[in-house]
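Notes to accompany the following structure.
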Amino acid sequence: MDTVDVVVVGAGPAGCTIAGELARAGRSVVVLEKHDAMSPLSRAFGVHARTLEILDSRGLVDELLATGAVVSGLKLWDDTKLDMSVLPSPYPFLLSTPQTDVDTLLERYARDAGARILRGTTVTAVEQDDDGVRVHAAAPDGTATTWAASYAVGADGVHSVVRDAIGQKFHGRDLLRSIMLADVTLDDPPAGLINVDAGKDCFAFVAPFGDGWYRVVAWDRNDRSVDADPIDVAALRQVVVRAMGTDYGWRDVRWTSRFRCDERQVEKYRTGRVFLVGDAAHVHSPAGGQGMNTGIQDSMNLGWKLAAVLGGADDAVLDTYQAERHPVGKLVLRTSGGTIRMLLVQSWSAKKIRNIVVGAALRIPPVAARIAAMFSGIGIAYGHRRGENSLVGTRAPDLPLTTGRLLEALRDGGFLLVLEKNSPAVEFVGSVSRRVDDGPAMLVRPDGYVAWAGDSAAGEWAAVRTRWLGDPQSFSAMSGASSRVAMPPSLPSSVGPGRPPFGSSASA
Ligand SMILES: Cc1cc2nc3c(=O)[nH]c(=O)nc-3n(C[C@H](O)[C@H](O)[C@H](O)COP(=O)(O)OP(=O)(O)OC[C@H]3O[C@@H](n4cnc5c(N)ncnc54)[C@H](O)[C@@H]3O)c2cc1C
Numbered sequence: 028m029d030t031v032d033v034v035v036v037g038a039g040p041a042g043c044t045i046a047g048e049l050a051r052a053g054r055s056v057v058v059l060e061k062h063d064a065m066s067p068l069s070r071a072f073g074v075h076a077r078t079l080e081i082l083d084s085r086g087l088v089d090e091l092l093a094t095g096a097v098v099s100g101l102k103l104w105d106d107t108k109l110d111m112s113v114l115p116s117p118y119p120f121l122l123s124t125p126q127t128d129v130d131t132l133l134e135r136y137a138r139d140a141g142a143r144i145l146r147g148t149t150v151t152a153v154e155q156d157d158d159g160v161r162v163h164a165a166a167p168d169g170t171a172t173t174w175a176a177s178y179a180v181g182a183d184g185v186h187s188v189v190r191d192a193i194g195q196k197f198h199g200r201d202l203l204r205s206i207m208l209a210d211v212t213l214d215d216p217p218a219g220l221i222n223v224d225a226g227k228d229c230f231a232f233v234a235p236f237g238d239g240w241y242r243v244v245a246w247d248r249n250d251r252s253v254d255a256d257p258i259d260v261a262a263l264r265q266v267v268v269r270a271m272g273t274d275y276g277w278r279d280v281r282w283t284s285r286f287r288c289d290e291r292q293v294e295k296y297r298t299g300r301v302f303l304v305g306d307a308a309h310v311h312s313p314a315g316g317q318g319m320n321t322g323i324q325d326s327m328n329l330g331w332k333l334a335a336v337l338g339g340a341d342d343a344v345l346d347t348y349q350a351e352r353h354p355v356g357k358l359v360l361r362t363s364g365g366t367i368r369m370l371l372v373q374s375w376s377a378k379k380i381r382n383i384v385v386g387a388a389l390r391i392p393p394v395a396a397r398i399a400a401m402f403s404g405i406g407i408a409y410g411h412r413r414g415e416n417s418l419v420g421t422r423a424p425d426l427p428l429t430t431g432r433l434l435e436a437l438r439d440g441g442f443l444l445v446l447e448k449n450s451p452a453v454e455f456v457g458s459v460s461r462r463v464d465d466g467p468a469m470l471v472r473p474d475g476y477v478a479w480a481g482d483s484a485a486g487e488w489a490a491v492r493t494r495w496l497g498d499p500q501s502f503s504a505m506s507g508a509s510s511r512v513a514m515p516p517s518l519p520s521s522v523g524p525g526r527p528p529f530g531s532s533a534s535a
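Under our numbering, think of the first position of the sequence shown as 28, with each following residue one higher.
This is the structure we're talking about:
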């Protein structure tokens with residue numbers, strides 16, 4: 028029996044992200060993946076601003092940007108537009124790129140950080156007790172293997188074996204069957220935006236990949252096909268014409284597929300020592316392009332917390348994964364489900380009302396900005412407790428610092444202390460930088476959210492750091508970085524235990 032700190036089941040985007048995060052924090056991690064090779068099928072095509080920021084904070088974003096098309100927003104019916112260019116982000120757009128590019132990048136990230144990815148290895152069962160977990164799998168030659176670990180993460184997608192093994196029900200319902208996908212070339216493509224429209228009994232999306240190919244997604248209420256049926260390309264093209272009024276000069280087709288879409292979420296993202304991330308924890312309609320993005324962000328949230336607890340932090344830190352990410356998953360189910368239902372309204376009058384109401388809302392700049400922030404993930408915040416600075420729980424913006432940008436300063440993976448422009452220096456085990464603008468000091472978590480904000484001279488940041496990470500030694504092991512600057516005379520020589528961070532509720 029092999030032993031590691033964490034076994035991750037599934038090498039999709041969520042699994043590779045958490046494996047990379049754990050490995051870069053110095054934890055031993057193995058990813059067990061049933062497929063021999065990476066899937067060539069690209070389901071997702073939209074990478075949102077928050078995911079691009081996260082990738083930037085690991086030095087990965089430029090490579091991904093080079094693979095896709097920058098899309099400034101979504102064009103809906105009647106020239107209504109969801110404009111992403113208003114986002115307060117270095118990435119005020121949606122990157123349209125095949126999911127295979129994201130999968131390739133994240134798998135390499137995990138391997139480079141030191142994670143072992145064992146392909147052709149199918150997990151069959153998971154057991155746990157107070158001391159650890161045992162993950163049973165069939166190796167490529169069919170022999171049974173068992174991995175022992177402190178924790179296991181189920182990143183094994185919608186049909187998760189891990190979820191079944193820990194007895195979590197996937198509550199929800201079927202939403203749509205037989206949605207058709209095709210990658211096509213178009214002689215007269217729509218310009219710049221992702222186009223979304225609906226006919227009487229159908230809808231379609233058209234998104235550019237940036238290399239001359241376009242992803243078409245279409246659904247026809249009268250289509251009774253099952254998932255295994257081949258796509259009739261002529262029929263698919265007609266659905267696009269019915270929904271959008273044009274086929275945009277449809278020419279070549281390189282790939283087609285069908286999928287179904289459910290709306291489901293588990294109640295508990297944590298069951299003892301086993302966690303669920305990504306599609307294993309939540310699935311929903313692809314409208315809004317949030318599934319993969321949400322899964323990557325689940326993993327960024329859980330990765331550093333698992334590393335911290337393995338390094339000696341309080342076990343209750345792990346409960347904040349549920350507190351912070353479950354409400355986000357719930358919100359995504361609601362918004363993506365609402366979007367698809369809105370597309371599918373049938374009666375003339377309901378459509379008229381929809382067009383007027385949504386059109387009017389998206390023409391009010393603050394409302395439009397809020398909606399864009401919600402879909403892009405930029406608007407996600409995890410809440411703060413009474414008495415805390417209102418920045419706590421929000422995503423740290425990409426501020427200019429004396430050492431570069433904030434997202435660059437997060438690249439070592441640990442906590443980052445950002446001091447005010449003119450405050451005295453402090454001693455901190457981890458990365459320290461300084462603002463060049465006027466604003467409060469901030470302690471930023473490895474996933475880019477603010478853990479503390481205020482006056483650095485009061486030294487409260489030290490207690491907050493200890494609350495999340497345990498004593499500074501384990502923090503040091505996690506960040507791999509240590510900065511030493513002169514301690515100001517006002518910093519207390521010892522800090523109190525602080526309140527536990529646990530139980531903060533998430534909001535988005
Ligand atoms: C048509 C369509 C369009 C979409 N568009 C978007 C979009 O634009 N943006 C977006 O964010 N999301 C989109 N999504 C959703 C996105 O594709 C998924 O949310 C994402 O792939 C989930 O990632 P994951 O890592 O959680 O799971 P997966 O990608 O499903 O990976 C799970 C992995 O676990 C492995 N596995 C399963 N069982 C076992 C086992 N027993 N043992 C070992 N390994 C196992 C699988 O082989 C797989 O590699 C779309 C989905 C569809 C269907």
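We treat Cβ as the ideally placed atom computed from N, Cα and C, and that holds for glycine.
Item, Value
"Quick one, are the C-beta atoms of ALA52 and ALA334 less than 8 Å apart?", "yes"
"Straight-line CA distance for THR30 to ASP250?", "50 Å"
"Quick check: the Cα distance between GLY497 and GLY339, rounded to an integer number of angstroms?", "6 Å"
"Give a yes or no on whether the C-beta atoms belonging to ARG608 and SER205 are separated by under 8 Å.", "Here the chain comprises residues numbered 28 to 535, so residue 608 is not present and cannot be evaluated."
"Since I believe GLY237 is in contact with GLY95 (beta carbons under 8 Å), could you give me their beta-carbon distance rounded to a whole number of angstroms?", "5 Å"
"Quick check on DSSP: helix, strand or coil for ASN222?", "strand"
"How close, in whole Å, do the beta carbons of ASN416 and GLY486 come, if the pair is a contact with beta carbons under 8 Å?", "Their Cβ separation, rounded to whole angstroms, is 15 Å, which puts ASN416 and GLY486 out of contact at 8 Å."
"Hey, is the segment 428-446 in contact with the segment 465-485, meaning 3+ C-beta pairs nearer than 8 Å?", "yes"
"For ALA452, name the three-state secondary structure that DSSP assigns.", "coil"
"Beta carbon of VAL471: closer than 7 Å to some heavy atom of ligand 1?", "no"
"Find the nearest neighbour of GLY305 within the set VAL355, ILE258, GLY219 and THR212, judged by alpha-carbon distance.", "VAL355"
"Report yes or no: do three or more beta-carbon pairs, one from the segment 72-80 and one from the segment 118-127, lie closer than 8 Å?", "yes"
"Alpha carbon to alpha carbon, what distance is there between THR273 and VAL36?", "43 Å"
"Let me check you understand the geometry: is the CB of LYS108 closer than 7 Å to at least one non-hydrogen atom of ligand 1?", "no"
"DSSP beta-bridge partners for MET207?", "ALA245 and ARG285"
"Is it true that the CB of ALA38 sits closer than 8 Å to the CB of ILE193?", "no"
"Scan the segment 293-342 and note each continuous alpha helix (DSSP H) run of 4 residues or more that stays entirely inside, going in chain order.", "318-337"
"Is there at least one non-hydrogen atom of ligand 1 closer than 7 Å to the beta-carbon of ASN449?", "no"
"Below 8 Å on the Cβ atoms is my contact criterion, and I expect TYR241 with PRO216 to pass it. Report the Cβ-Cβ distance as a whole number of Å.", "6 Å"
"If I measure Cβ to Cβ from GLY420 and keep anything under 6 Å in the same chain, skipping five residues before and after, which residues do I get?", "ALA408, TYR409, GLY410 and HIS411"
"Out of curiosity, what's the CA-to-CA distance linking THR227 and VAL243?", "With the sequence shown as reference, residue 227 is identified as Lys, and Thr is not the correct amino acid for it. Taking the straight line from one Cα to the other gives about 18 Å."
"Going by beta carbon distance, what residues of the same chain come within less than 7 Å of LEU428, once the five residues before and after it are set aside?", "ALA436, VAL445, SER460, ARG461, ARG462 and VAL463"
"Say the cut is 7 Å; is the CB of ALA408 nearer than that to a heavy atom of ligand 1?", "no"
"Looking at the structure shown, is PHE252 part of a helix, part of a strand, or coil, going by DSSP?", "In the sequence under discussion, the amino acid at residue 252 is Ser, which differs from the Phe named in the question. Three-state result, SER252: coil."
"For VAL113 and ALA137, I'd like the C-alpha separation in whole angstroms.", "33 Å"
"What residue ranges within the segment 42-116 form continuous beta strand (DSSP E) runs of no fewer than 3 residues, ordered along the chain?", "56-60, 96-98, 100-102 and 108-110"
"With respect to the alpha helix (DSSP H) encompassing VAL384, which residues constitute its N-terminal and C-terminal limits?", "375-389"
"So, ALA176 versus HIS163, is the Cβ gap smaller than 8 Å?", "no"
"Assuming ASP425 and PRO235 form a contact by the criterion Cβ under 8 Å, report the distance between their Cβ atoms to the nearest whole angstrom.", "Between PRO235 and ASP425 the Cβ distance is about 26 Å, and since that is not below 8 Å, they are no contact."
"If you run the structure through DSSP and keep just helix, strand and coil, what is VAL419?", "coil"
"Would you mind reading off the limits of the beta strand (DSSP E) that contains GLU154?", "149-156"
"Strictly by DSSP, which residues pair up with HIS186?", "DSSP, once it has assigned bridges, lists no residue as partnering HIS186."
"How about the segment 319-333 and the segment 294-309: do they share at least three Cβ pairs that are nearer than 8 Å?", "yes"
"Does ALA46 pass the burial test, meaning 16 or more other C-beta atoms within 10 Å, or should it be called exposed?", "buried"
"Taking C-beta to C-beta, are MET111 and SER312 nearer than 8 Å?", "no"
"Work out the CA separation of ARG278 and GLN349 for me, nearest whole Å.", "47 Å"
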